[in-house]
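Residue numbers (UniProt numbering): 1 to 224. Just so you know, even glycine gets a beta-carbon here, dropped at the ideal spot from N, CA and C. Just so we're clear, the structure is a prediction, and the values are computed from it rather than from any experiment. For reference, the structure is listed below as structure tokens.
Structure (structure tokens):
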């Protein structure tokens with residue numbers, strides 16, 4: 001058997017490929033020449049609509065009815081006012097009372113209780129007693145010897161009478177003195193208290209009960 005050359009092998013392969021390609025080419029031409037199928041028709045949709053029954057014709061013409069409807073006005077509303085009953089008095093509500101503010105508790109501690117010494121009762125004041133007219137005359141004459149009229153009161157021509165009370169011991173020494181009623185002039189009141197000390201000791205009272213008791217006298221200051 002003869003060996004096939006390379007060139008012969010190539011020819012054989014080309015012939016074999018051509019034989020296989022012929023059927024495929026025929027199928028392709030037949031597909032291109034085949035007539036196209038007609039398109040399917042669109043589906044028809046039918047809807048059922050229910051019609052309203054016909055209305056009976058109106059007897060009135062439309063023009064006058066509309067005019068009458070617009071010309072007609074709504075009747076005015078009557079407003080009824082509520083009249084209060086005179087026999088019924090309104091209930092008066094008292095105003096709310098203001099609550100008193102609460103006091104905050106004090107942080108200060110209470111002071112410890114101390115026992116203060118009992119105060120001694122004050123001695124009763126001596127009662128004023130009346131002296132005999134004879135001793136009173138000698139007393140006033142003795143005081144007049146030591147009495148001086150204040151210069152300021154004399155210049156202003158101020159006058160008055162001061163009521164003073166005093167106590168004396170058995171020797172006539174003045175123990176205490178005080179003003180019972182003012183003369184209205186401070187300088188005259190000061191002189192009435194001063195003269196009692198300046199005139200001490202005073203005449204000893206004849207009555208023993210006058211010693212240690214308050215004696216009331218009136219010292220007059222008048223410009224002559």
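{"query": "Can you tell me which of the three DSSP states residue 132 falls into?", "result": "coil"}
{"query": "Hey, is residue 172's beta-carbon within less than 8 angstroms of any beta-carbon in chain B?", "result": "No chain B appears in the structure shown, which is made up of a single protein chain."}
{"query": "Kindly list the residues whose CB is nearer than 7 angstroms to the CB of residue 172, restricted to its own chain and excluding five residues on each side of it in sequence; keep chain order.", "result": "201, 202, 203 and 204"}
{"query": "If you measure between the beta carbons of residue 183 and residue 221, is that distance less than 8 angstroms?", "result": "yes"}
{"query": "In chain order, what residues of the same chain have a beta carbon less than 8 angstroms from the beta carbon of residue 197, not counting five sequence neighbours either side?", "result": "174 and 177"}
{"query": "Does the separation of the CB atoms of residue 192 and residue 132 fall below 8 angstroms?", "result": "no"}
{"query": "Is it buried or exposed for residue 162, if we count other Cβ within 10 angstroms and need 16 for buried?", "result": "buried"}
{"query": "Out of 148, 134, 179 and 14, which has the shortest C-alpha to C-alpha gap to residue 199?", "result": "148"}
{"query": "If you drop the 5 nearest sequence neighbours on each side, which residues of the same chain put their C-beta closer than 6 angstroms to that of residue 150?", "result": "187 and 191"}
{"query": "Excluding sequence positions up to five away, which residues of its chain have a Cβ less than 6 angstroms from the Cβ of residue 134?", "result": "none"}
{"query": "Along the chain, which unbroken stretches of the beta strand (DSSP E) at least 3 residues long are found entirely within the UniProt domain \"TonB C-terminal\" (134-224)?", "result": "160-168, 174-181 and 214-221"}
{"query": "Is it the case that the Cβ atoms of residue 189 and residue 179 are separated by a distance below 8 angstroms?", "result": "yes"}
{"query": "Quick check: residue 145 and residue 223, are their CB atoms within less than 8 angstroms of each other?", "result": "no"}
{"query": "Measuring CB to CB, does residue 164 end up less than 8 angstroms from residue 211?", "result": "no"}
{"query": "Report the option in 166, 194, 153 and 170 whose CA atom is closest to the CA atom of residue 185.", "result": "153"}
{"query": "Contact defined as beta carbons within less than 8 angstroms: I believe residue 143 pairs with residue 218. What is the distance between those atoms, to the nearest angstrom?", "result": "With a Cβ gap of about 11 angstroms, residue 143 and residue 218 do not count as contacting."}
{"query": "Have a look at residue 137 and residue 215 and give me their C-alpha separation to the nearest angstrom.", "result": "13 angstroms"}
{"query": "Once you ignore the five residues that flank residue 157 on each side, which residues in its own chain have a CB closer than 7 angstroms to its CB?", "result": "223"}
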